[in-house]
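Structure first, then comments.
Numbering (our numbering), first residue to last: 3 to 620.
Structure, rendered in structure tokens:
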């Protein structure tokens, strides 16, 4: 895709940069990469001299735009066909409609009934376009307007953080990337804290902000928000989330829950991902302090993409006058998950390719089948395919769903370690990062997780992971031998702890993993190890010396006496091996007397002459 660059100087708006490349409005057939939030893209389209349909990611964004624009027609779930038709019939120079993706079909239907060709008469602007890729896994209808979007003669995608998009229509229709390039240093300061003692560091950050008038916490899980409010004893708060979550919170006693921005802001303000992008949050007298939370203990979907969501979050707050600083501080507190499963691009590509081939084959069989009952059976097979979510409402492969698979794995990969998340923030080019690596060898989160793990197999798995980490930290010099022993002694006191650590010491990680952490299989491997180890140790130097000293050569010794004395030697040397009467043959050439009264062996030659050499005085 061709890239056209437009320079933006400090204090300018989007249109100032576009005019430098010959455009007085947002150009058609482009993906407009604003680079910075708050440049007035939506504002410029609302006031442009053309009729426009603006697609916004969700309702709070739409309601925010309505506050200052009386001529906007908002289309979302509550919009009635009557009001929309009435607006489309109004005699005004330029009509401005703002809609959610899911409600776009209402515009199409109303226009068709009024015989209005919206594809010729309206410019279509798809705002915060990365949301189509990011949200389609749980908002399948977010891409519904795509077929319509590409039918518009005049159209554009726009965002400060667009993601790569593979839809073939972009290339077919000759889209180009218009990239806004600021001529000034626009990097924002961000403190990144990666920890496995989540609550300790969260409390430290909150304590440091005790004088802040407004703390805005972006955390994408309502149960986690409830836990924070209750555990921290917060009373001056507001929660901004979906209406469904509002209802859930109210039932749990969280009374200050809202589905749209409610002013004034409280001391503590919680935002779910519904409010991560597009929305304008007005700053009153006091600037907020922003905290982004990622807690893998609570849910994996609390992860935040440094390249998109983190940039969007800090851009939610609108500047007052000419003041470019819209908040006091920006902090991301995150846990990581070294075991998070991340598929490679090649693996995803192969899986998608296989799915598409299977889907197309079944679809072809379905289309050619004449028997209705068989056709229905084939449809049921199609519905049960692994990647059914990749199919859109027309029965076609949805490129945005495919993009979503790649995008999810990209973001997940950042959360495998503290270093990878830090590097991701550096690579955005948007932040000056103060990095606090607050990972302990064994953190409070590890202890809490172990205490809350009730399934024995999961306990064994977690203890093994911690034991390996302790060993790695000790070997790299991060902890002392005393620290190592202290951690291990603690885990030995836990359920399954002593068992796992003993098994780990004997058979190692790979054997326990291959046993699937099942006690029966682990015990079998331990027994095999003990047997092999005992068989090896019974020929150790000390054992051989003791045996040679114990038994004289050339005299008959009762077999029972030999067995008992040999067993004692093995036992004294810590060798777990059960001696038999014939075990002495492993050490001596013998002659045998099978007297019924007293069966005996005469020991003739010791088989390990090297012991004489080792035993000789120096």
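Beta carbons: idealized from backbone N, C-alpha and C, even for Gly.
For residue i, the nearest candidate out of the options (CA to CA)
i	options	result
residue 556	353, 605 and 379	605
residue 302	205, 415 and 353	415
residue 534	169, 330 and 577	577
residue 369	397, 391, 173 and 347	397
residue 20	213, 31 and 6	6
residue 29	13, 37 and 46	46
residue 295	563, 218, 115 and 261	218
residue 621	196, 114, 366 and 49	The first residue shown for the chain is 3 and the last is 620, placing residue 621 beyond what the model contains.
residue 388	373, 365, 364 and 357	357
residue 310	165, 229, 155 and 320	165
residue 98	132, 58, 131 and 117	58
residue 269	321, 213 and 256	213
residue 256	587, 231 and 543	231
residue 346	413, 284 and 385	413
Backbone CA spacing between residue i and residue j [nearest angstrom]
i	j	result
residue 90	residue 126	15 Å
residue 208	residue 525	48 Å
residue 537	residue 580	10 Å
residue 558	residue 611	21 Å
residue 123	residue 53	7 Å
residue 476	residue 523	29 Å
residue 330	residue 289	6 Å
residue 483	residue 511	21 Å
residue 355	residue 362	11 Å
residue 104	residue 129	14 Å
residue 159	residue 480	49 Å
residue 552	residue 567	8 Å
residue 175	residue 169	11 Å
residue 102	residue 426	31 Å
residue 539	residue 531	12 Å
residue 353	residue 84	46 Å
residue 286	residue 314	20 Å
residue 589	residue 550	9 Å
residue 521	residue 507	15 Å
residue 8	residue 515	55 Å
residue 561	residue 529	28 Å
residue 457	residue 509	22 Å
residue 360	residue 391	14 Å
residue 171	residue 463	48 Å
Integer-rounded CB distance, given that residue j should sit under 8 Å from residue i
i	j	result
residue 445	residue 233	Actually they do not touch by this definition, with Cβ atoms about 17 Å apart.
residue 56	residue 44	6 Å
residue 194	residue 437	5 Å
residue 276	residue 454	The Cβ separation is near 29 Å, so there is no contact.
residue 251	residue 228	7 Å
residue 186	residue 12	4 Å
residue 116	residue 88	With a Cβ gap of about 10 Å, residue 116 and residue 88 do not count as contacting.
residue 583	residue 571	About 15 Å; that fails the 8 Å criterion.
Close beta carbons around residue i, own chain, < 8 Å, minus the five adjacent residues each side
i	result
residue 465	452, 493, 496, 498, 499, 502 and 503
residue 490	469, 472 and 503
residue 162	35, 36, 37, 38, 39, 41, 313, 314 and 317
residue 4	178 and 179
residue 226	295, 297, 300, 301 and 304
residue 157	30, 31, 125, 126, 127, 128 and 151
residue 459	518, 519 and 520
Proximity test, residue i beta-carbon vs the ligand COA heavy atom, cut-off 7 Å
i	result
residue 455	As presented, the structure is devoid of all ligands, the ligand COA included, so that no description of it is given.
Chain-order list of residues whose beta-carbon lies under 7 Å from that of residue i (same chain, five-residue window excluded)
i	result
residue 66	263, 281 and 282
residue 594	603
residue 15	41 and 42
residue 202	446
residue 51	96
residue 350	407, 408 and 411
Proximal residues to residue i (C-beta, below 6 Å), its chain only, five neighbours per side dropped
i	result
residue 134	144, 145 and 402
residue 332	192, 292 and 316
residue 274	222 and 243
residue 10	19, 182 and 184
residue 377	368 and 371
residue 267	216
residue 394	400
residue 236	270
Between the region 373-382 and the region 109-129, are three or more C-beta pairs nearer than 8 Å?
-> no
Is there contact between the region 398-405 and the region 129-145, where contact requires at least three CB pairs shorter than 8 Å?
-> Enough Cβ pairs lie closer than 8 Å, so yes.
Evaluate contact between the region 142-152 and the region 73-89, counting only Cβ atoms and requiring at least three cross-stretch pairs below 8 Å.
-> Touching, no, given that fewer than three Cβ pairs across the two stretches are closer than 8 Å.
Taking three-plus beta-carbon pairs below 8 Å as touching, is the region 222-233 in contact with the region 301-320?
-> yes
Contact between the region 418-435 and the region 338-348 (3+ Cβ pairs under 8 Å) = yes
Between the region 429-437 and the region 173-193, do at least 3 Cβ pairs fall closer than 8 Å?
-> Contact between the region 429-437 and the region 173-193 is present: three or more C-beta pairs spanning the two stretches fall below 8 Å.
Inter-stretch contact at 8 Å, needing at least 3 Cβ pairs: the region 15-33 / the region 167-187 | With a cut-off of 8 Å, the region 167-187 and the region 15-33 count as touching, because enough Cβ pairs lie within range.
How do the region 324-334 and the region 246-263 stand: do at least 3 beta-carbon pairs fall below 8 Å, yes or no?
-> no
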